[in-house]
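Peer 1: What follows is a structure written as structure tokens; I'll ask about it next.
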Amino acid sequence: MKISEPDFWQDKYELDDTPWDTGTTTPEIIKSINHSINKKICILGCGYSKDAIYLSEKGHKVFAVDFASSPIDYLYKLKKENHINNLFPVKENIFNLSLKYNNFFDIVIEYTCFCAIPKNKRKNYIDVVSSILYKKAVCLALFFPTKKPTRESSGPPFHVNIDTVLPMFEEKFKIINFNPNPDSIKPRIGNEVFVEMQKL
């Protein structure tokens, strides 16, 4: 089973093998958004996103996207039980989003999605992020893991080398904030880099 297929990830959810799920909101992302102005926000590869719940309850329209069934079912259940009208779970492959959401979002949130994208698809990923944002809208990316993995280390499928990744994004985006020491949760301190990028 391939890592780029929904069943690969759905099996992990069914086995409760979800080490990427922190069970909390993401401080660096939350504080980077102006909550006084409601935005249309897309969270890519959302999983059981606590950020999606928090941001929708703040009044933003949040489109939480995943191609595995379990996280989308989970978010739909929370939406119904808690009457969260601004939350829109979307079961879709992120590479298909341009078809429906071209020039649509104010903000795209990247957190633990890019590290699951094979290197030969990363340019396609960046193209999608650019296409679903309107001009001068922003991508908030908390890249993880940025430390070079060792043989003993476990974690996401693919390491994020900031020195090679940022030039790829700069073909479509202007870097407006780079923070190598973001407000990370304890297990990820020193292994994340926050970048705010504006679509050209």
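Residues in the sequence shown are numbered consecutively from 10, following our numbering.
Idealized CB from N, CA, C, for every residue including glycine.
Since this is a predicted model, take the numbers as computed values, not measurements.
With a threshold of 8 Å, are at least 3 pairs of Cβ atoms found where one atom belongs to the segment 136-145 and the other to the segment 23-31?
Peer 2: As far as the Cβ criterion goes, the segment 136-145 does not touch the segment 23-31, which means the pair count is below three.
Peer 1: What does a CB cutoff of less than 6 Å around Tyr110 pick up in its chain, not counting 5 residues either side in sequence?
Peer 2: Result list for Tyr110: Ile141, in chain order.
Peer 1: Less than 7 Å between the C-beta atoms of Cys122 and Leu175, yes or no?
Peer 2: Not in contact: Cys122 and Leu175 (Cβ atoms no closer than 7 Å).
Peer 1: Is the segment 68-78 touching the segment 144-153, taking contact as three or more C-beta pairs under 8 Å?
Peer 2: The segment 68-78 vs the segment 144-153: no contact.
Peer 1: Let me make sure I understand the geometry here. Which of Asp115, Asp192, Asp172 has the alpha-carbon closest to that of Lys49?
Peer 2: If we check each option's Cα against that of Lys49, Asp115 comes out closest.
Peer 1: Please classify Ser45: is it buried, with 16 or more other beta-carbons within 10 angstroms of its beta-carbon, or exposed?
Peer 2: Looking at its Cβ environment, which holds fewer than 16 other Cβ atoms inside 10 Å, Ser45 is exposed.
Peer 1: What is the DSSP secondary structure of Asn188, counted as helix, strand or coil?
Peer 2: If DSSP states are grouped into helix, strand and coil, Asn188 belongs with the strands.
Peer 1: With distances taken from CA atoms, which of Gly68, Lys11, Ala125 is nearest Asn43?
Peer 2: Among Gly68, Lys11, Ala125, the Cα nearest to that of Asn43 belongs to Gly68.
Peer 1: Helix, strand or coil, according to DSSP, for Lys157 in the structure here?
Peer 2: Coil.
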